[in-house]
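Working notes for the structure below.
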Amino acid sequence: MPDATIEIGAADLVLSPEGIAQKVNEFISTSELTPIEDVLPKPSSHLERIFKGIFDKTGLDFSGYKHKTINRRIARRMAFHRLKNIEDYIKLLNKEQSEAESLAKDFLISVTEFFRDPNAFDDLRTVLGEIVDRTEDKGNIRIWVPGCANGEEAYSIAIILHELMLQKQLSIPFQIFASDIDDLALNQARKGLYSAAQVEGLDPRILETFFHQREDRYQISKVIRDKVVFARQNVIMDPPFSKIDLISCRNLLIYFSNELQKIVLQTFHFALNKHGFLFLGKSESALNNAPHLFDGYLKKSQIFIRKGYGLSPTLDRIQSANNYARAVVEKPNNNVSIPSEKRSISARIEKILLEEVIPATVLIDKDGNVLHIKGDIYAYLELPQGSLDVNILNLAKGDIKMDIRSLLSKAKIHGAATSQSLFYSGKEHELLFINVRKVDLNNKDKDPNKDNFGYLVAFLPTVVDENFFVNPSEMDPQRREAQRNLENEIQVFKERLQTTVEELETINEEIQSTNEELQSSNEELQSTNEELQTSNEELQSTNEELSTANQELEVKGNELEQLNSDLQNMLENMSEVVILLDSRLRVVRFTKAAKKLLKLGENIIHQTVTTIGLDIDLPNLRNELMQVLSLKETKTLQATLKTKPYKIRLVPYETESQNISGVIMFLENPYDFSELNKEPLYLKSIEMVADDVDYALIVMDEQGTIIYANVRALNIAGFHSSEFMYKNIDMLMLEPGSDQPSQCMEDYLSSNSETKAGTWKDVTIQKKSGERTIFKMKVEALTLDDKTNFIAKIFTLDEYSKRYMPTAR
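Following this line, the structure appears as structure tokens:
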């Protein structure tokens, strides 16, 4: 697992255990000495410079991310570099490309798993079933998973769709587009390889059906991998995919600010088909920031459905601008020439109609806000002092306000309403009727299904004859008194009604204020919940890393235990003599054969090899070992142990990083024949022939070590076989020189000259008794069992003369 962590670039440092301990101590000491408030960047200056530095080096813009999350990750990187000043960190960020990439990767918290939140995925299975049912036979299903991380969520949806197709016996093609801006995570996702911990919670049936085990990891089957396309795509800056049936974007919006969430939700609205679905995380909602774009479908599982069939508002405006420009260019000129006289009469008629016949009219939306005014309405409406309020109820004068409120309530129910009473308009002999009618404000040609309406409020003044009014002076006193009483009662009722209305308005304002406070509190709670979710994601990510590290340590511990057991068994049962030394020439391990041959005890472990008193006759052993360490080359030396010749091979011990950490000593006796190391057949053949010849014959190896001597040679030298065998041939020679047999063999092997091997020469041999005698000797090379050996023929002078100089007689 550490290898996988290193492979995906998730590790900040790759160190030895000692180095890890040192770095942890440094990190803790830095964190304790520097309060978090001292290292946090100032939003207006430092954060902008950090965002710019990251954008310049990576092309990623994190300015829309929540600053609390950003600050925590920056503080983490500063503690890692043991920096206490934000300015120092900004300098490092602008200087080092790798630091910008590391900080950007820290911002991208990739935490996901297969079928995360099982209850939500059960509801998603229902939604996917609806998508499959409504898809035409010749259609296809397109799904987008932005912020896919390592691909677990995308593969989970692919598995559900595959099972639905099998269950419904359908073969509708479907494609899942999984996108992210983390290239390393995308590479891991494309491989579809996951650790045992990552698939631990999966249903065994799904694990067996859709996964194949590859050693200690599990790979998604090819039939599922082929359904998912992984691509690098920035959901904020890059164009979105289109004609999507489902967008699954879980636990990505929690890192975005409210403004950025609105932009992303608008992008999702544009990408989805009509009746397309949006699947969010449990701490996310599309209704808070985009209630005009999405409706709740399965709110418990945070599944939303696209509202309306048109484009999103921003794209509508762009589309409208394009259409308008196209219409201006393409609109034909179909104007018919009209005589100027007729145009003048028509204009006068229209002016008369607008000014004298068509009543003053106000167009308002469903909430009562004024959208358009036609005619003279200043007798009925007035602008208030202070900030502008365009609600018609706040603009209406006097008693008109109450009647407009009542008529609007009726019009909302019945579609239209007209005042049933006559009202004085303020002018003599003039009454006022008010008409309210519900109207459709939607453009049916562009969007026939969009629900958008308002109200037309028309003010209709009516002039009546003076006979309609009764002159008070013409009334008898009793009627005048009754009229005054009625007028007083009406005035009292009006005042009471006005007081009640004002109280209701006050209560309404208080309710609205309370509602706004509740909404603000709800947004704060939502923001807090998102931050808690973000912290939970970070903790989960850290927990997964620690769990992975712990599992890996357990695995490594078991492996080390097994390797140690294997190594101990090998050392106990090897027949070879091997001693392992560290870089300071101290004994680390040795085989049982070495212990027996060299009489080694356990107390020599970690002692220098040159101080433990080995019975090996090898001068300058320390210098030879140091040369092997410095030159990194294998050396073969000749040594004697208890009068027996040995070859000692000194081999440098290399680690995986190609560093030399010690030396391995191999002691080999090539002439110690046993059941496993039997005497070569060629020696037996030589013995059968050489014992019958009438001259002395000696067989030597490349170093001149005697490996065979016939009886005649032993008699000449005066040695017993045990005294003579496995000694160097030069022991017989009186004086060293270039004509010595060992020198001849060395010249032959090195091809330094036309060797004297193969020619007769005079040599002086000193016998065991000390007697010196001149003999004739010829050394010849002989290859036996792919090994170069040498045969020395030795004659007395008389024997040589008789055999090779018969004329001398």
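Anchor point for the sequence shown: position 502 equals 502 in this note's numbering, and the numbering is continuous, going up by one each time.
Idealized CB from N, CA, C, for every residue including glycine.
For residue 759, the secondary structure class from DSSP, reduced to helix, strand or coil, is coil. Cβ contact annotation for residue 239 (same chain, cutoff 8 angstroms, sequence separation greater than five): none. A contact between stretches requires three or more CB pairs, one per stretch, nearer than 8 angstroms, and the stretch 135–151 fails this requirement with the stretch 91–107. Beta-carbon to beta-carbon, residue 290 and residue 265 are separated by about 4 angstroms, close enough to satisfy the 8 angstroms threshold. Per the Cβ contact rule, the stretch 620–629 is not in contact with the stretch 598–607 (fewer than 3 Cβ pairs under 8 angstroms). The beta carbon of residue 206 lies closer than 7 angstroms to those of 159 in the same chain, with the five residues before and after it left out. The straight-line gap separating the alpha-carbon atoms of residue 166 and residue 301 is approximately 25 angstroms. Residue environment: residue 779 is assigned as buried (16 or more neighbouring CB atoms within 10 Å of its CB, all protein chains considered).
A residue is called buried when at least 16 other Cβ atoms come within 10 angstroms of its Cβ; residue 145 meets this threshold and is buried. At the C-beta level, residue 147 and residue 249 come within 8 angstroms of one another.
Our two residues, residue 564 and residue 585, have alpha carbons roughly 21 angstroms apart in a direct line.
Check the Cα spacing between residue 278 and each of 391, 127, 362 and 164: the tightest is with 127. Non-local C-beta neighbours of residue 104 in its own chain, meaning closer than 6 angstroms and more than five positions away in sequence, comprise 54, 58 and 60, ordered along the chain.
Note that the C-beta distance between residue 765 and residue 699 is not below 8 angstroms. Here the stretch 758–777 lies against the stretch 788–804, with 3 or more beta-carbon pairs under 8 angstroms apart.
Between residue 183 and residue 110, the C-beta gap is not smaller than 8 angstroms, which leaves the two residues out of contact. Excluding sequence positions up to five before and after residue 711, its CB lies within less than 7 angstroms of the CB of 691, all in the same chain and listed in chain order. The DSSP-derived three-state label of residue 496 is helix.
In the three-state reduction of the DSSP assignment, residue 644 falls in the strand class. Assignment of beta-bridge partners to residue 668 by DSSP yields 647.
If you draw a 10 Å sphere on the C-beta of residue 493, you find fewer than 16 other C-beta atoms in it, and that means exposed. In this structure, DSSP gives residue 226 a state outside helix and strand, which the three-state scheme calls coil. The beta strand (DSSP E) runs of length 3 or more contained entirely in the stretch 564–628 are, from start to end of the chain, 577–582 and 587–590. Around the C-beta of residue 213, fewer than 16 other C-beta atoms lie within 10 Å, and the residue is accordingly described as exposed.
Across the structure, residue 371 and residue 255 are spaced so that their CA atoms are roughly 38 angstroms apart. A distance below 6 angstroms between beta-carbons, with the five flanking residues on each side excluded, links residue 661 to the following residues of its chain, in chain order: 583, 653 and 655. Residues of the same chain with a CB within less than 6 angstroms of the CB of residue 782, apart from the 5 flanking positions on each side, are 789 and 791 in chain order. Apart from the 5 residues on each side of it in sequence, residue 369 sits with its Cβ closer than 7 angstroms to the Cβ of 390 and 391 in its chain, given in chain order. One Cα belongs to residue 804, the other to residue 694, and the distance between them is close to 14 angstroms. Between residue 717 and residue 732, the C-beta spacing is below 8 angstroms. Residue 615 and residue 650 do not touch by the CB rule: their CB atoms are close to 18 angstroms apart, not below 8 angstroms.
Under the DSSP assignment, residue 268 falls in the alpha helix (DSSP H) whose first and last residues are 258–271. Residue 237 counts as exposed, since fewer than 16 other beta carbons sit within 10 angstroms of its beta carbon. Per DSSP, residue 697 is one residue of the beta strand (DSSP E) stretching across 696–700.
Here residue 303 really is in contact with residue 123; their C-beta atoms are around 6 angstroms apart, less than 8 angstroms.
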